[in-house]
Amino acid sequence: MSDKEIVEYARQLRREATALLDKEGLLSMLKAVGTTQVIGSYALDTMTWPDIDISMNLPQAQNVELFFELAQRIATKFEITKMSYSNHYIRNFPGYDHGLYWGIQLRYAGTEWKVDLWGYNDTDYQRHIAEANELFRQLQQADRLAILRIKYVICQQPEYRGNVYNSMAIYRAVLEDKVESVDGFNAWLKKK
């Protein structure tokens with residue numbers, strides 16, 4: 005895919021995500037329960053696949069009952085193909101936040117979307133949003149086209165989203181070392 009096509013695809017994904025969040029009411033449904041912010045590639049304008057990351061400040065931390073009620077509302081309103089729940093307060097899995105998590109797969113506009121929904125206590129939510137805002141600020145100085153070019157190819161690899169082969173590594177490579185290509189990114193990873 006050419007750079008121009010990758011940029012247009014990113015725009016198309018963001019338009020569809022905006023429609024799902026706003027027009028179809030997913031975001032307002034979540035905001036009715038607690039303070040909510042869309043983060044990740046949607047907020048950073050670096051979308052290369054149908055994936056939305058959302059963080060919520062739950063009114064009561066670890067309120068599993070409320071989190072399941074919210075999931076029921078989502079499952080009733082949208083065409084859900086899969087929902088996976090994890091309580092990362094209990095699970096305490098290395099590399100993951102402490103929070104409640106729904107991994108949602110849904111069909112919208114002929115596309116299978118992945119929605120990662122995290123529910124946090126106030127302290128963890130504020131920290132997480134501050135980190136997301138700082139990344140947004142840093143990426144204003146980055147080569148967005150290089151990010152999209154690399155991410156478009158990398159996100160299709162089976163090992164994408166692992167501990168090493170992920171969006172954060174791409175952002176770091178472009179920000180820190182001005183990497184501009186997939187080959188450059190793979191070479192950067194080997195050095196790290």
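Take any residue in the sequence shown, note its place counting from 1, add 4, and you have its number in our numbering.
C-beta atoms are modelled at their ideal positions from N, C-alpha and C, and glycine is treated no differently.
All figures in this text were calculated on a predicted structure; none of them were measured in a lab.
Scanning Thr50, Leu31, Asp49 for the CA closest to the CA of Gln41 turns up Leu31. By the Cβ-count criterion, Asn61 is buried, with 16 or more other Cβ atoms from all chains shown falling within 10 Å of its own Cβ. Taking a C-beta distance under 9 angstroms as the contact criterion, Gly123 and Gly38 qualify as a contact pair. The beta-carbon distance between Tyr93 and Gln66, rounded to whole angstroms, is 5 angstroms. This is short enough to meet the 8 angstroms contact definition. In this structure, DSSP gives Tyr89 an extended state, which the three-state scheme calls strand. Between Val186 and Ile154, the C-beta gap is smaller than 9 angstroms, which places the two residues in contact. DSSP places Lys182 outside both helix and strand once states are collapsed to three, so it counts as coil. Burial of Gly103 is indicated by the presence of at least 16 other C-beta atoms within 10 angstroms of its C-beta. 9 angstroms or more divides the Cβ of Ile56 from the Cβ of Leu34. The C-alpha of Lys195 is placed about 40 angstroms away from the C-alpha of Gly114. Following the DSSP letters along the chain, one finds Asn137 in no beta strand (DSSP E) but inside the alpha helix (DSSP H) bounded by residues 126-143.
Lys118 and Pro162 do not touch by the CB rule: their CB atoms are close to 15 angstroms apart, not below 8 angstroms. Its Cα nearest to that of Met172, the residue Leu139 stands out among Gln144, Asn190, Leu24, Leu139. With a cutoff of 9 angstroms on beta-carbon distance, Glu116 and Thr85 are scored as near each other. No Cβ-Cβ contact shorter than 9 angstroms links Ile133 with Asp120.
Under the three-state reduction of DSSP, Thr80 is assigned to helix. Annotated as proximal: Ala136 and Gly44, with beta-carbon spacing under 9 angstroms.
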